[in-house]
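J.:
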Amino acid sequence: MENTSVKEPMVHTGSTNPVNSAFASHFAKSMFLTVSGLVILSFVATRMFTHVDLNLYGYMVGTVVFLAGFFYRFISWGERPPTKILIKKGLKLLFRRSTLKTSVEHLATYRFIWNRGVYRWTQHLLIGWGCVLAILVTFPLVFGWMYFTMEESGYYTIVALGMNVMTVPADGIIAFLSYNALNISAIMVIAGVCMALYRRLKNMQARAEQTFMYDFMPLYLLLFVSITGLLLTFINVFLHGNGHYVMSLIHQYSVIVTLIYLPFGKLAHIPFRPVSVFARNYREHYGKESMKECKVCGTEFVSTEQSNDVINVLGQNDLEFDMKDGFNLAELCLPCRRKYRISKFSGFATHEVPIKEANQDAKG
Amino acid sequence: MTKRRLFLELENCIGCRSCLAACTQCGGHEQRNRNYVYDVNPLVNRQTMPLMCLHCVDPACARSCPAQAIQIHETGAVLSALTEKCIGCQNCTIACPYGIPKFDEEQNLMYKCDLCIDRTKDDIPPMCASVCPSNTLQWLTEEEIEEKQQRHDLGNDKWVTSMPYLEGETNVKINLPGILEGTTKLF
Ligand code: SF4
Ligand code: SF4
């Protein structure tokens, strides 16, 4: 993308905790703990590595590379002052009663995207849930957390984390859904990506702003992964497995490339998005605690906590908006802040005239 | 390619609100305007002045955004929130010293002036400057802005394009009304 983000001064947090000082950095620690966790889970789930599917080896490498990229991005992101505050307070407020509802609306049903348009919601639902479904199936298979055995002819046993979960008839509906889960998810993703591509080609609003690397690349990657995945099924069913090996390699590489790309481009919003739940909790909780009144008109416009946090974050970036009139600009409600600026331009105290701002929506 | 800037000559404003209407029509603006027009002294006279994002060189909005949703274009324009990144915390609206970013509760999304980046990246004036009938909003080269400065320079430090009367260095330049400068306009 041609845009460059704001350069941030790095804030290093020295740590005296003995566990933390065993590692050179947050990055090393997160990496070590996660990879150990993965190995232990796989060890247990595969009954001490006796049920490892080595065809899936490429994905393991891909996952580890993805984790490295993810932690690298996440940690440098989390060190920015505003992010740090939000994550810290968000974690504290995680167990509010509304968390579940907000999470479902933000992360599962995408209500806010519905409000941006039904078309965009549909494409996002198809792509989002297609990917989630694929991940939920693929990763447990890769790390051996889930596999199928056929102990009795005609019946599959689904083994999850080393325990037999259920036995289903091989031609039954559950079995059908299980081994077609990836095909279904591929079709969902392809449909969603096609909708998204169509919108990007036709919609003038989208065309004005999009760039290849940022907006098209992730769509092509997802399309490539889904099509090569579906071709695997096609080869098995119609070509008696001819070319299966080559295609499975191509598919593996496409997945690995996507995983490596994921923490950096547009797809990075997938791992970062849950923070929107933090943001909602933060606003709701502190909003109930105490609201800030505008220093000019007295309207309550933001929580006291957030107002202070913003002033603090700006201070860390050497931005001080303390006025001679005895307030910080972050203590004025938005209309008063705009009128205050007009007063600076004109020399007349517009913000002190108790009249609502008129006609700001260009509707005549 | 000459790089031009938005320049505001505030007292020319006649309050027609063409700039608001034009803003709604820009690519990526989804029919919503992101600029403002204010009555300076609404109970007494009809003088109006426009206000829009001044595209700060060190933007408070982007600094305060936990999601890095506000990007700065290479032209210096401070862009509207990236739809997939904005997490709806509204820090930016509290941080901006001029109260510019708008927030849509339903869509959980901030939106603000992006200086019509699809136009200005190719040095085409933004929508507001394209339609302004009174020369309040202008799209000028550095030299032209410099020249305006000379014409208004009274040698008494009263010339104020942008600094020090704003909260920081901005990419959009502004003049003070001539009446405050103690001069009548020489059009
Ligand atoms: S004027 Fe406000 S919205 Fe515009 S760049 Fe500066 S801080 Fe951001
Ligand atoms: S509302 Fe969106 S753009 Fe504004 S600070 Fe929060 S995340 Fe950033």
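So the sequence lines, in the order shown, correspond to chains B and R.
0 is the number of the first residue of the first sequence in numbering that gives the first Met the number 0; add one for each residue after it.
0 is the number of the first residue of the second sequence in numbering that gives the first Met the number 0; add one for each residue after it.
We put the beta carbon where it would ideally sit given N, CA and C, even for glycine.
The model shown is predicted, which means the values in this text are computed figures rather than measured ones.
Any C-beta of chain R sitting closer than 8 Å to the C-beta of W120(B)?
T.: As a position in the first sequence, residue 120(B) is number 121, starting the count at 1. So, not an interface residue.
J.: Near P100(R), what residues of its chain come up, given a Cβ to Cβ distance below 7 Å and the 5 sequence neighbours on each side ignored?
T.: Counting from one through the second sequence, the residue named residue 100(R) turns up at place 101. Excluding positions up to five away in sequence, the list reads C60, C91, T92, M109 and K111.
J.: Are the stretch 308 to 321 of chain B and the stretch 139 to 146 of chain B in contact at 8 Å, needing three or more beta carbon pairs?
T.: No: fewer than three Cβ pairs fall under 8 Å.
J.: Determine the direct distance from the alpha carbon of L85(B) to that of R79(B), and round the result to whole angstroms.
T.: Counted from its first residue, the first sequence places residue 79(B) at position 80. Counted from its first residue, the first sequence places residue 85(B) at position 86. About 10 Å.
J.: Buried or exposed, going by whether 16 or more other CB atoms sit within 10 Å of the CB of A185(B)?
T.: Working through the first sequence from its first residue, we reach residue 185(B) at position 186. Result: buried.
J.: How about C88(R): is its Cβ closer than 7 Å to a heavy atom in ligand 2?
T.: Residue mapping note: residue 88(R) aligns to position 89 of the second sequence, counting from 1. It does: the Cβ of C88(R) is within 7 Å (strictly closer) of some heavy atom of ligand 2.
J.: Using Cβ-Cβ distances below 8 Å, what residues of the stretch 343 to 355 of chain B are close to chain R?
T.: Correct list: K343, F344, S345, G346, F347, T349, V352 and I354.
J.: Could you compute how far the alpha carbon of R340(B) sits from the alpha carbon of P334(B)?
T.: For this step, residue 340(B) is matched to residue 341 along the first sequence. For this step, residue 334(B) is matched to residue 335 along the first sequence. If I take the Cα positions, the gap works out to 10 Å.
J.: Would you call the CB atoms of M30(B) and F70(B) closer than 8 Å?
T.: Here the question's residue 30(B) lines up with position 31 in the first sequence. Here the question's residue 70(B) lines up with position 71 in the first sequence. Yes, the Cβ-Cβ distance between M30(B) and F70(B) is below 8 Å.
J.: If we call anything under 8 Å between Cβ atoms a contact, is R198(B) one with A205(B)?
T.: Locating residue 198(B) in the first sequence gives position 199, where the first residue counts as 1. Locating residue 205(B) in the first sequence gives position 206, where the first residue counts as 1. Yes, the Cβ-Cβ distance between R198(B) and A205(B) is below 8 Å.
J.: Strictly by DSSP, which residues pair up with T148(B)?
T.: The sequence position of residue 148(B) within the first sequence is 149, counting from 1. Note: T148(B) sits in a beta bridge opposite T156(B).
J.: Using a Cβ-based criterion (distance less than 7 Å to any ligand heavy atom), does C85(R) qualify as near ligand 3?
T.: With respect to ligand 3, the structure shown offers nothing to examine, as its ligands consist of ligand 1 and ligand 2.
J.: Can you confirm whether the stretch 26 to 33 of chain R touches the stretch 206 to 217 of chain B when touching is taken to mean that 3 or more C-beta pairs between the two stretches lie within less than 8 Å?
T.: Cβ pair count under 8 Å is three or more, so yes.
J.: Going by the beta-carbon positions, is the gap between R337(B) and L175(R) smaller than 8 Å?
T.: Sequence index remark: in the first sequence, residue 337(B) carries index 338 (1-based). Sequence index remark: in the second sequence, residue 175(R) carries index 176 (1-based). Contact: no.
J.: What does DSSP give as the partner residue(s) for V301(B) in the beta ladder?
T.: Stepping through the first sequence from its first residue, residue 301(B) is reached at position 302. For V301(B), which the question treats as bridged, DSSP gives the partners K291(B).
J.: Do you know offhand how far H250(B)'s Cα is from L90(B)'s?
T.: Locating residue 250(B) in the first sequence gives position 251, counting from the first residue. Locating residue 90(B) in the first sequence gives position 91, counting from the first residue. If you take the alpha carbons of H250(B) and L90(B), they lie about 38 Å apart.
J.: Roughly how many angstroms separate the alpha carbons of P273(B) and Q70(R), rounded to a whole number?
T.: Here residue 273(B) refers to the residue found at position 274 when the first sequence is read from its first residue. Here residue 70(R) refers to the residue found at position 71 when the second sequence is read from its first residue. About 21 Å.
J.: Report, in whole angstroms, the separation of the C-beta atoms of P125(R) and L114(R), which I expect to be a contact under 8 Å.
T.: Here residue 125(R) is taken as the residue at index 126 of the second sequence, counted from 1. Here residue 114(R) is taken as the residue at index 115 of the second sequence, counted from 1. Sure, about 5 Å apart at Cβ, within 8 Å.
J.: Once the 5 residues before and after S17(R) are set aside, which same chain residues still bring their CB inside 7 Å of it?
T.: By one-based count along the second sequence, residue 17(R) stands at place 18. If we look at S17(R) and ignore the five residues flanking it on each side, its Cβ neighbours are V130, C131 and P132.
J.: Roughly how many whole angstroms lie between the Cα atoms of S345(B) and E8(R)?
T.: In the first sequence, the residue the question calls residue 345(B) occupies position 346. In the second sequence, the residue the question calls residue 8(R) occupies position 9. Their backbone Cα atoms lie some 12 Å apart in a straight line.
J.: Cutting at 6 Å between CB atoms, please list the residues of its own chain near M187(B), excluding the five before and the five after it.
T.: Here residue 187(B) is taken as the residue at index 188 of the first sequence, counted from 1. Correct list, in chain order: L125 and G129.
J.: May I ask whether a heavy atom of ligand 2 can be found less than 7 Å away from the beta carbon of S63(R)?
T.: Along the second sequence, read from residue 1 onward, the residue named residue 63(R) stands at position 64. Because some heavy atom of ligand 2 lies under 7 Å away, the Cβ of S63(R) counts as near it: yes.
J.: How about C88(R) and A329(B): are their beta carbons less than 8 Å apart?
T.: Start at 1 with the first residue of the second sequence, and residue 88(R) comes out as number 89. Start at 1 with the first residue of the first sequence, and residue 329(B) comes out as number 330. Against a cut-off of 8 Å, the Cβ pair of A329(B) and C88(R) comes out as no contact.
J.: Taking the C-alpha atoms as reference points, what is the distance between V5(B) and E83(R)?
T.: On the first sequence, residue 5(B) is found 6 positions in, with the first residue counted as 1. On the second sequence, residue 83(R) is found 84 positions in, with the first residue counted as 1. Confidence in V5(B) is poor, its pLDDT being 47 and thus under 50, which makes the residue's placement too unreliable to answer from.
J.: Which value, in whole angstroms, describes the spacing of the CA atoms of A76(R) and F233(B)?
T.: For the purposes of this step, residue 76(R) is taken as the residue at position 77 of the second sequence. For the purposes of this step, residue 233(B) is taken as the residue at position 234 of the first sequence. Cα to Cα, A76(R) sits roughly 49 Å from F233(B).
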